[in-house]
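J.:
There are 2 protein chains.
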Amino acid sequence: MSVDFFVSFVQVFGLPKSIGQIYGLLFVSAEPLPMDDIVSQLGISKGSASQGLALLKSLGAVTSQTIPADRREHFEADLNVSRIVTHFFENRLQPRLEHGDRRLEEMMELARTAKREKKGDGAAAVLTRIQALQKWQKRGRNLIPMVVRWLKR
Amino acid sequence: MSVDFFVSFVQVFGLPKSIGQIYGLLFVSAEPLPMDDIVSQLGISKGSASQGLALLKSLGAVTSQTIPADRREHFEADLNVSRIVTHFFENRLQPRLEHGDRRLEEMMELARTAKREKKGDGAAAVLTRIQALQKWQKRGRNLIPMVVRWLKR
DNA sequence: AACTTCGTTCAAATCAAAATGAACAAACCG
DNA sequence: CGGTTTGTTCATTTTGATTTGAACGAAGTT
Numbered sequence: 018m019s020v021d022f023f024v025s026f027v028q029v030f031g032l033p034k035s036i037g038q039i040y041g042l043l044f045v046s047a048e049p050l051p052m053d054d055i056v057s058q059l060g061i062s063k064g065s066a067s068q069g070l071a072l073l074k075s076l077g078a079v080t081s082q083t084i085p086a087d088r089r090e091h092f093e094a095d096l097n098v099s100r101i102v103t104h105f106f107e108n109r110l111q112p113r114l115e116h117g118d119r120r121l122e123e124m125m126e127l128a129r130t131a132k133r134e135k136k137g138d139g140a141a142a143v144l145t146r147i148q149a150l151q152k153w154q155k156r157g158r159n160l161i162p163m164v165v166r167w168l169k170r
Numbered sequence: 018m019s020v021d022f023f024v025s026f027v028q029v030f031g032l033p034k035s036i037g038q039i040y041g042l043l044f045v046s047a048e049p050l051p052m053d054d055i056v057s058q059l060g061i062s063k064g065s066a067s068q069g070l071a072l073l074k075s076l077g078a079v080t081s082q083t084i085p086a087d088r089r090e091h092f093e094a095d096l097n098v099s100r101i102v103t104h105f106f107e108n109r110l111q112p113r114l115e116h117g118d119r120r121l122e123e124m125m126e127l128a129r130t131a132k133r134e135k136k137g138d139g140a141a142a143v144l145t146r147i148q149a150l151q152k153w154q155k156r157g158r159n160l161i162p163m164v165v166r167w168l169k170r
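For the protein sequence lines, the chains are A and B, in the order given. Offset between the first sequence (1-based) and the working numbering: plus 17. Offset between the second sequence (1-based) and the working numbering: plus 17.
1. Rounded C-beta distance between V244(A) and A47(A)? I'm assuming under 8 Å.
2. For D87(B), name the three-state secondary structure that DSSP assigns.
3. Under 8 Å Cβ-Cβ, which residues of chain B neighbour E123(A)?
4. Here's the rule: buried if 16 or more other CB atoms are within 10 angstroms of the residue's CB, otherwise exposed. What is I84(B)?
5. Any chance the stretch 118-132 of chain B sits against the stretch 78-93 of chain B, with 3 or more Cβ pairs inside 8 Å?
6. Would you say V165(B) faces chain A, with C-beta separation under 9 Å as the test?
7. For Q154(B), I'd like the list of residues in its chain whose CB is within less than 8 Å of its CB, leaving aside the five on either flank, ordered along the chain.
8. Of all the CB atoms in chain A, is at least one closer than 9 Å to the CB of I36(B)?
9. Taking a cut of 9 Å between CB atoms, which residues from the stretch 42-53 of chain B lie near chain A?
10. Can you tell me which of the three DSSP states E8(B) falls into?
11. When burial is assigned at 16 or more other CB atoms within 10 Å of the CB, is P49(B) buried or exposed?
12. Excluding five sequence neighbours on each side, which residues of the same chain lie with their C-beta closer than 8 Å to the C-beta of F22(A)?
13. Does the beta-carbon of Q82(B) have 16 or more other beta-carbons within 10 angstroms, so that it is buried, or is it exposed?
14. Should G139(A) be labelled buried (16 or more other beta-carbon atoms within 10 Å of its own) or exposed?
15. If you draw a straight line from the alpha carbon of V45(B) to that of L76(A), how long is it in whole angstroms?
16. What does H116(B) touch in chain A if you count any residue whose Cβ is under 8 Å from its own?
17. Please report the straight-line C-alpha distance between I61(B) and A71(A), rounded to a whole angstrom.
18. Establish whether the CB of R113(B) and some CB of chain A are separated by less than 9 Å.
19. Can you list the residues of chain B that G139(A) reaches, using a CB-CB cut of under 7 Å?
20. To be precise: take each residue of the stretch 73-95 of chain B, compare its Cβ to all Cβ atoms of chain A, and keep it if any distance is under 9 Å. Which residues remain?
21. When you compare each of L168(A), H104(A), V20(A) and T145(A) to L127(A) by their alpha carbons, which one comes out closest?
22. Who pairs with V79(A) in a beta bridge, going by DSSP?
23. Three-state secondary structure (DSSP) at P112(B)?
24. Distance, Cα to Cα, Q28(B) vs E134(A)?
25. Report, in whole angstroms, the separation of the C-beta atoms of I36(B) and F106(B), which I expect to be a contact under 8 Å.
26. Please give the ranges of any alpha helix (DSSP H) in the stretch 121-159 of chain B, keeping only runs that are unbroken, at least 4 residues long and fully inside the region.
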């Protein structure tokens with residue numbers, strides 16, 4: 018099917034398959050579609066469609082339009098693919114890296130105590146390793162805004 | 018626990034929890050550990066440990082050492098964290114992007130036929146969208162080697 | 001050769017994420 | 001109002017990924 022491309026794309030970013038299917042269908046469709054078309058064309062449930070569209074709207078990846086003489090919401094793909102990617106970086110990666118900071122600090126503390134108590138050379142080596150990790154952590158955090166900026170133009 | 022940091026880290030890259038636990042334990046341990054220590058300290062099964070270590074070795078993220086008068090393999094974390102990240106980019110992202118090329122081409126073909134048949138302006142618009150996608154695809158493929166290079170120093 | 005220790009493999013169990021669909025709420029229409 | 005259409009919610013089911021542990025093989029020891 019022609020939405021396969023989108024399915025595999027969103028999955029790289031940890032989003033469920035149905036999101037890819039819906040976005041793909043809308044991307045490829047010449048005019049905006051109501052929810053029941055999405056349900057019937059993709060063969061997914063009303064629930065999935067509703068939830069999927071809600072997420073895609075929240076990402077700004079689809080928008081809804083009003084069509085004259087039709088009460089139903091009609092959905093359209095926003096061509097701005099970068100929103101999905103940006104969402105991944107900012108909502109999935111960024112928070113984890115930040116949470117990681119605190120935990121690294123805790124590890125550091127543990128290692129320092131261990132070193133003081135055991136005075137082993139091994140413990141000192143561990144301390145050095147953790148410091149190296151912290152550098153990496155910082156490096157990663159710097160990379161993200163760079164990538165996001167690059168994707169945005 | 019102090020390996021939490023690593024668990025959450027590897028999960029960003031779609032690797033199982035046990036991988037993070039094992040790598041974390043080795044990272045934090047002052048000297049190389051045999052498999053049964055890993056099993057008992059983390060409370061995971063022999064199977065998990067064996068499989069996890071095999072994967073980590075294949076990534077080059079851990080190495081094994083021989084310790085005199087001990088038959089068992091002893092494992093040590095390779096500090097080179099970038100291997101895990103590089104592995105993610107090269108084995109998980111890259112192939113998908115490449116496979117995507119072919120599927121995009123198929124979509125393009127479908128869209129061209131649709132345009133010829135229906136001659137609708139909608140169909141032409143779809144064609145344009147897909148072309149835009151192809152640009153993005155190329156852009157993404159260029160980004161990866163950049164990131165990898167940046168991470169490697 | 002029989003026995004132990006170390007490690008791998010793989011079918012089955014477990015667990016978590018996603019999809020389903022029935023029940024519900026809101027908007028519209030006669 | 002009663003009836004219909006549209007869309008959301010959420011408890012249950014399904015599905016896929018991870019983990020387990022029993023069985024096995026390889027190597028070492030007596």
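Even glycine gets a Cβ: it sits at the ideal position worked out from N, Cα and C.
T.: In short, the structure shows the following:
1. What the structure shows of chain A is the stretch from 18 to 170, and residue 244(A) is not part of that stretch, so it cannot be assessed.
2. Coil, per DSSP.
3. Contact annotation for E123(A) against chain B: S19 [CB-CB distance below 8 Å, chain order].
4. Exposed, by the Cβ-count rule.
5. With the rule of 3 Cβ pairs closer than 8 Å, the stretch 118-132 of chain B does not count as touching the stretch 78-93 of chain B.
6. So, not an interface residue.
7. So the list reads L114, G117, D118 and L121, once near-sequence residues are dropped.
8. So, not an interface residue.
9. Per Cβ criterion, the list reads F44, V45, S46, A47 and E48.
10. Nothing in the structure corresponds to residue 8(B), since chain B is present only between 18 and 170.
11. Residue burial is scored here from C-beta neighbours: P49(B) has at least 16 other C-beta atoms within 10 angstroms and is therefore classed as buried.
12. For F22(A), where only same-chain residues beyond five positions count, the Cβ hits under 8 Å are G41.
13. Here Q82(B) is exposed. Its C-beta has fewer than 16 other C-beta atoms within 10 Å.
14. So G139(A) counts as exposed.
15. If you take the alpha carbons of V45(B) and L76(A), they lie about 39 Å apart.
16. Within 8 Å Cβ-Cβ: S25.
17. Each residue's alpha carbon lies about 39 Å from the other.
18. Cβ-Cβ to chain A under 9 Å: yes for R113(B).
19. Neighbours of G139(A) on chain B, chain order: A47 and E48.
20. Here the close residues are A94.
21. Taking the Cα of L127(A) as reference, the smallest distance to any Cα among L168(A), H104(A), V20(A) and T145(A) is reached at T145(A).
22. According to DSSP, V79(A) bridges with A94(A).
23. In the structure shown, P112(B) sits in a helix (DSSP, three-state: H, G or I).
24. Rounded to whole angstroms, Q28(B) and E134(A) show a C-alpha spacing of 33 Å.
25. Incorrect: roughly 17 Å between the Cβ atoms, too far for contact.
26. If we require 4 residues or more, the stretch 121-159 of chain B turns out to have no alpha helix (DSSP H) run fully inside it.
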